[in-house]
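A.B. asks: Using the numbering used here, the first residue of the sequence shown is number 69, and each one after it goes up by one. Here a beta-carbon is modelled for each residue, glycine too, at the ideal position from N, C-alpha and C. Owing to the predicted nature of the structure, the values given are computational and were not obtained by experimental measurement. Have a look at this one.
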Amino acid sequence: MFGYIGINKPELKIKDFDRYREYYCGLCHSLGNHHGLLGQISLSYDATFAAVLLSALYEPVTYRMHSGCVLHPVGKKKYLTNQLIDYVADMNVLLAYYKCKDDWQDNRNLLKLSYGATLKKQAKLVERRYPKKAEVIKLALKTIYDLEQANDRNIDKLSNAFGAIMSEIFDISLKDLDSKDRNKYGDMWKGELKTLGYNLGKFIYIMDAFDDVEKDIKKGDFNPFEYKYKECMDNELAMQEFEGYVEKLLMMCASDMAKSYERLPIIHETAILRNIIYSGIWMKFVSICKDR
Numbered sequence: 069m070f071g072y073i074g075i076n077k078p079e080l081k082i083k084d085f086d087r088y089r090e091y092y093c094g095l096c097h098s099l100g101n102h103h104g105l106l107g108q109i110s111l112s113y114d115a116t117f118a119a120v121l122l123s124a125l126y127e128p129v130t131y132r133m134h135s136g137c138v139l140h141p142v143g144k145k146k147y148l149t150n151q152l153i154d155y156v157a158d159m160n161v162l163l164a165y166y167k168c169k170d171d172w173q174d175n176r177n178l179l180k181l182s183y184g185a186t187l188k189k190q191a192k193l194v195e196r197r198y199p200k201k202a203e204v205i206k207l208a209l210k211t212i213y214d215l216e217q218a219n220d221r222n223i224d225k226l227s228n229a230f231g232a233i234m235s236e237i238f239d240i241s242l243k244d245l246d247s248k249d250r251n252k253y254g255d256m257w258k259g260e261l262k263t264l265g266y267n268l269g270k271f272i273y274i275m276d277a278f279d280d281v282e283k284d285i286k287k288g289d290f291n292p293f294e295y296k297y298k299e300c301m302d303n304e305l306a307m308q309e310f311e312g313y314v315e316k317l318l319m320m321c322a323s324d325m326a327k328s329y330e331r332l333p334i335i336h337e338t339a340i341l342r343n344i345i346y347s348g349i350w351m352k353f354v355s356i357c358k359d360r
């Protein structure tokens, strides 16, 4: 994924940060165990958020493990493992593979072509495991590609397509989930989760376009904000207006995402999740604006 949905670390208590790190390390271990070292490279904060949220809602049987790793060879680190962390790891690899293909198709990025080739075998396994999800994701990415080829800079159309991808990822089946509250929850929260995922996807797409606009203009790559950015490059006031415009787009997505979250009956990991939803997701936006 993209790495925009992280925590605001200074605002987290130490115990909550340690718990978040257990999910992050758990996802890393799952990627390594199921998809190898190259799969671990795709590890992202966005995927960690999905793992925390889904685990907190559905409460699958979760084990706390202790193990060393390549990054921390000295001493054992705690990490969590459950079915939903494994599921998110699968989705992360699938998205990483498709993004590599997309980057090669768009701008002939040889590095992404090479990395995508190393992920292909594992991604195909995930496709066979989740054929419907793979089809939905590929169709949405094709929609984005077609809009880009048509030079259509409608940010709603583009972000809606990526929203559809995240909505599908958050649409999980509980039939094989070993959850103590499966009978209590069933799939009654599916719609709210899909809505949350949809707005999360829109937020990620808009933030990514905002983050990359300067780089894309220099390289001649497509960016929905190209014209708006060019109009204010040498005008500080106009730049502030542009940033305010993007902030409003992001705020609408974040607000709808927060509404969906608050409707979910989550009682665990709330400090982590609220930190991310109400604060962490804005850290990158603030950083981008400051650097410009």
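Do residue 198 and residue 158 have their beta-carbon atoms positioned less than 9 Å apart in this structure?
C.D. replies: Counting from one through the sequence shown, the residue named residue 158 turns up at place 90. Counting from one through the sequence shown, the residue named residue 198 turns up at place 130. Against a cut-off of 9 Å, the Cβ pair of residue 198 and residue 158 comes out as a contact.
A.B. asks: Rounded to a whole number of angstroms, what is the C-alpha to C-alpha distance between residue 311 and residue 123?
C.D. replies: Residue 311 sits at position 243 when you count from the first residue of the sequence shown. Residue 123 sits at position 55 when you count from the first residue of the sequence shown. Their backbone Cα atoms lie some 35 Å apart in a straight line.
A.B. asks: Which value, in whole angstroms, describes the spacing of the CA atoms of residue 249 and residue 308?
C.D. replies: Indexing the sequence shown from 1 puts residue 249 at position 181. Indexing the sequence shown from 1 puts residue 308 at position 240. Any reading at residue 249 must be qualified, since the residue scores a pLDDT of 49, below 50, and its modelled position is unreliable; the value itself is stated next. Whole-angstrom Cα-Cα distance: 48 Å.
A.B. asks: Residues in the same chain with beta-carbon distance under 8 Å from residue 326, minus the five sequence neighbours each way, listed in chain order, please.
C.D. replies: Stepping through the sequence shown from its first residue, residue 326 is reached at position 258. Taken in chain order, the residues that qualify are 345 and 346.
A.B. asks: Could you please give the first and the last residue of the uninterrupted beta strand (DSSP E) stretch that includes residue 135?
C.D. replies: To locate residue 135, count along the sequence shown from 1; it is residue 67. From DSSP, the beta strand (DSSP E) with residue 135 extends over 131 to 135.
A.B. asks: Would the beta-carbon of residue 94 fall within 9 Å of that of residue 147?
C.D. replies: On the sequence shown, position 26 is the one that residue 94 refers to. On the sequence shown, position 79 is the one that residue 147 refers to. Result yes, Cβ atoms of residue 94 and residue 147 sit closer than 9 Å.
A.B. asks: Along the chain, where does the alpha helix (DSSP H) containing residue 92 start, and where does it finish?
C.D. replies: In the sequence shown, residue 92 corresponds to position 24, counting from 1. Residues 82 to 108.
A.B. asks: Would you kindly report the start and end of the unbroken beta strand (DSSP E) that includes residue 146?
C.D. replies: Taking the sequence shown and counting its residues from 1, one reaches residue 146 at position 78. Looking at the DSSP string, the run of the beta strand (DSSP E) that includes residue 146 is 145 to 149.
A.B. asks: Taking 8 Å as the threshold, find out whether the stretch 73 to 86 comes into contact with the stretch 126 to 140 through three or more Cβ pairs.
C.D. replies: no
A.B. asks: Only counting the same chain, and skipping five residues up and downstream in sequence, which positions put a Cβ closer than 6 Å to that of residue 117?
C.D. replies: Taking the first residue of the sequence shown as 1, we reach residue 117 at position 49. So the qualifying residues of the chain are 73 and 344.
A.B. asks: In terms of alpha-carbon separation, which member of 224, 92 and 150 lies closest to residue 270?
C.D. replies: Indexing the sequence shown from 1 puts residue 270 at position 202. Among 224, 92 and 150, the Cα nearest to that of residue 270 is on 224.
A.B. asks: Between which two residues does the alpha helix (DSSP H) harbouring residue 343 extend?
C.D. replies: Counted from its first residue, the sequence shown places residue 343 at position 275. Where residue 343 is concerned, the enclosing alpha helix (DSSP H) stretches over 338 to 346.
A.B. asks: In the DSSP assignment, the alpha helix (DSSP H) including residue 128 goes from what residue to what residue?
C.D. replies: Position 60 of the sequence shown, counted from the start, is the residue given in the question as residue 128. Element bounds for residue 128: n/a, residue is neither H nor E.
A.B. asks: Rounded to a whole number of angstroms, what is the C-alpha to C-alpha distance between residue 83 and residue 336?
C.D. replies: For the purposes of this step, residue 83 is taken as residue 15 along the sequence shown, with counting starting at 1. For the purposes of this step, residue 336 is taken as residue 268 along the sequence shown, with counting starting at 1. Cα-Cα distance, rounded: 13 Å.
A.B. asks: Around the C-beta of residue 115, are 16 or more other C-beta atoms found within 10 angstroms, so that it is buried, or is it exposed?
C.D. replies: Start at 1 with the first residue of the sequence shown, and residue 115 comes out as number 47. Buried, by the Cβ-count rule.
A.B. asks: Report the residue from 284, 100 and 87 whose alpha carbon sits nearest the alpha carbon of residue 120.
C.D. replies: Here residue 120 refers to the residue found at position 52 of the sequence shown. Nearest of 284, 100 and 87 to residue 120, Cα basis: 87.
A.B. asks: Distance check for residue 239 and residue 220, CA to CA, integer angstroms please.
C.D. replies: Here residue 220 is taken as the residue at index 152 of the sequence shown, counted from 1. Here residue 239 is taken as the residue at index 171 of the sequence shown, counted from 1. Cα to Cα, the separation comes out at about 29 Å.
A.B. asks: So, using beta-carbon positions, are residue 162 and residue 205 closer together than 9 Å?
C.D. replies: The residue given as residue 162 occupies position 94 in the sequence shown. The residue given as residue 205 occupies position 137 in the sequence shown. Judged by beta-carbon spacing, residue 205 lies within the 9 Å limit of residue 162, meaning their Cβ atoms are closer than that value.
A.B. asks: If you count every other CB in all the chains shown that lies within 10 Å of the CB of residue 190, and 16 or more means buried, which is it?
C.D. replies: As a working note, residue 190 is residue 122 in the sequence shown. Buried, since its Cβ has 16 or more Cβ neighbours within 10 Å.
A.B. asks: Please state whether DSSP places residue 251 in a helix, a strand or coil.
C.D. replies: By 1-based counting over the sequence shown, the position of residue 251 is 183. Summary for residue 251: the model assigns pLDDT 46, below 50, so the residue's position carries little reliability, and this model does not support an answer.
A.B. asks: How many Å lie between residue 284 and residue 276 at the Cα?
C.D. replies: Position 216 of the sequence shown, counted from the first residue, corresponds to residue 284. Position 208 of the sequence shown, counted from the first residue, corresponds to residue 276. Each residue's Cα considered, the two are about 11 Å apart.
A.B. asks: Could you give the distance in angstroms between the alpha-carbon of residue 244 and the alpha-carbon of residue 267?
C.D. replies: Locating residue 244 in the sequence shown gives position 176, where the first residue counts as 1. Locating residue 267 in the sequence shown gives position 199, where the first residue counts as 1. With a pLDDT of 49 at residue 244, under the threshold of 50, the modelled position of this residue cannot be trusted, and the question is left open.
A.B. asks: Could you pull the start and end residues of the alpha helix (DSSP H) that residue 310 belongs to?
C.D. replies: Counted from its first residue, the sequence shown places residue 310 at position 242. According to the DSSP assignment, residue 310 belongs to the alpha helix (DSSP H) that extends over 304 to 331.
A.B. asks: In this structure, how does DSSP classify residue 295 when only helix, strand and coil are distinguished?
C.D. replies: Taking the first residue of the sequence shown as position 1, residue 295 is located at position 227. Here residue 295 sits in helix by DSSP.
A.B. asks: Rounded to a whole number of angstroms, what is the C-alpha to C-alpha distance between residue 314 and residue 274?
C.D. replies: By one-based count along the sequence shown, residue 314 stands at place 246. By one-based count along the sequence shown, residue 274 stands at place 206. The alpha-carbon atoms of residue 314 and residue 274 are separated by roughly 8 Å.
A.B. asks: Kindly indicate which three-state DSSP category residue 155 falls into: helix, strand or coil?
C.D. replies: Here residue 155 corresponds to residue number 87 of the sequence shown, with the count starting at 1. DSSP places residue 155 in helix when its eight states are reduced to three.
A.B. asks: Quick one: using the 10 Å Cβ neighbour count with 16 as the cut-off for buried, is residue 231 buried or exposed?
C.D. replies: Position 163 of the sequence shown, counted from the start, is the residue given in the question as residue 231. Of the other Cβ atoms in all chains shown, 16 or more fall within 10 Å of the Cβ of residue 231; this residue is therefore buried.
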